[in-house]
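Asks: Each step along the sequence shown adds one to the number in the UniProt record's numbering, with nothing skipped, and position 187 is 187. Submitted below is the structure of interest, expressed as structure tokens.
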Amino acid sequence: MIEIPSDLHKDLVPLVFLLGDWAGVGVHDFPGSEKCNFGQEVSFTHDGRDFLEYRSHSWVLDENGEKVRPLETETGFWRVDADRKVEVVMTRDDGVVEIWYGEIADKKPQIDLVTDAVARTAASGPYSGGKRLYGYVNSDLMWVGEKQTPEVELRPYMSGHLKKVVTAEDVERWAKALPDDMPDDGIAFFK
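What follows is the structure, encoded as structure tokens:
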């Protein structure tokens, strides 16, 4: 269920499907790096201003789905203009800062992004740009990232499938919004 918070900046309504906390799993595979499954937690929040704050933490999972070690951390800020053009400023823990531009697809909750500028610290690995696709599919957030280095052409390297994290406050709010004439047993509801 997508809700538009009353204090959300009006410019951010096209991005409302991103709001909230998400958790899930994915696959990481890039030449020169360990191929692995990963777990991920993502958060998109707002404070009433004209941007979403983004945080992502991922970690390597072992064959039993247990955390092994951190994989990647990103933070950033997402904006959208009246023409549904999206801009993202993102910082990654490996010493890379990126500016991404893209747009929201027409009539569907999907965002295509491509890097416009990349800055790297001396400690970061080789990286020259990337693409990302985010989509809201059947109430889940799915994404795929592509990257390139001077040695490797642009190719997919990470993809994730995330579910919305439901809080106790969410359940309470939804329960209060139920109509008073709901059946008192679960069976009657389905008749």
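Beta carbons are placed, not taken as given, at the ideal position from N, Cα and C, and that holds for glycine.
#1: Are at least three pairs of beta-carbons, each pair with one atom in the region 34-49 and one in the region 61-72, less than 8 Å apart?
#2: Helix, strand or coil, according to DSSP, for Leu52 in the structure here?
#3: My understanding is that Ile2 touches Phe17, with C-beta atoms under 8 Å, so please give their C-beta distance in whole angstroms.
#4: Do you know whose CA, among Ser58, Leu12 and Gly125, lies nearest Gly26's CA?
#5: Phe77 and Tyr157 look like a contact to me (Cβ under 8 Å); what is the Cβ gap, rounded to whole Å?
#6: Leaving out the 5 sequence neighbours to the left and right, which residues in its chain are closer than 7 Å to Val118 when beta-carbon positions are compared?
#7: Rounded to a whole number of angstroms, what is the C-alpha to C-alpha distance between Val137 and Leu61?
#8: Is it right to say Arg49 is buried, meaning 16 or more other beta carbons lie within 10 angstroms of its own, or is it exposed?
#9: Since I believe Gly65 is in contact with Gly160 (beta carbons under 8 Å), could you give me their beta-carbon distance rounded to a whole number of angstroms?
#10: Would you tell me roughly how many angstroms separate the C-alpha atoms of Ser56 and Leu133, rounded to the nearest one?
#11: What are the partner residues of Thr45, as DSSP defines its beta bridges?
#12: Residue range of the beta strand (DSSP E) that Leu141 falls in?
Replies: Reading from the atomic positions:
#1: They touch, by the three-pair rule.
#2: The residue given as residue 52 occupies position 52 in the sequence shown. Reduced to three states, the DSSP call for Leu52 is strand.
#3: Within the sequence shown, numbered from 1, the residue matching residue 2 stands at position 2. Within the sequence shown, numbered from 1, the residue matching residue 17 stands at position 17. The beta carbons of Ile2 and Phe17 sit about 6 Å from each other, so the pair counts as a contact at 8 Å.
#4: If you number the sequence shown from 1, residue 26 lands on position 26. Its Cα nearest to that of Gly26, the residue Ser58 stands out among Ser58, Leu12 and Gly125.
#5: Reading the sequence shown from its first residue, position 77 is the one you call residue 77. Reading the sequence shown from its first residue, position 157 is the one you call residue 157. Between Phe77 and Tyr157, the beta carbon gap of about 23 Å keeps them out of contact (Cβ cut-off 8 Å).
#6: One-based indexing of the sequence shown puts residue 118 at position 118. In its chain, beyond the 5 residues on either side, Val96, Glu98, Tyr127, Ser128 and Gly129 have a beta carbon closer than 7 Å to the beta carbon of Val118.
#7: As a first step, residue 137 is located in the sequence shown; it is residue number 137 there, counting from the start. As a first step, residue 61 is located in the sequence shown; it is residue number 61 there, counting from the start. Separation of Val137 and Leu61 (C-alpha to C-alpha, rounded to the nearest whole angstrom) is 24 Å.
#8: The count along the sequence shown starts at 1 and reaches residue 49 at position 49. It counts as exposed.
#9: In the sequence shown, the residue the question calls residue 160 occupies position 160. In the sequence shown, the residue the question calls residue 65 occupies position 65. Taking the Cβ atoms as the reference, Gly160 lies roughly 14 Å from Gly65, outside the contact range of under 8 Å.
#10: The count along the sequence shown starts at 1 and reaches residue 56 at position 56. The count along the sequence shown starts at 1 and reaches residue 133 at position 133. Annotation: Ser56 to Leu133 spans about 15 Å, alpha carbon to alpha carbon.
#11: As a working mapping, residue 45 is identified with position 45 in the sequence shown. Residue pairing of Thr45 in beta bridges, as defined by DSSP: Glu53.
#12: Translated into the one-based positions of the sequence shown, residue 141 becomes position 141. Start and end: Asp140 to Gln148.
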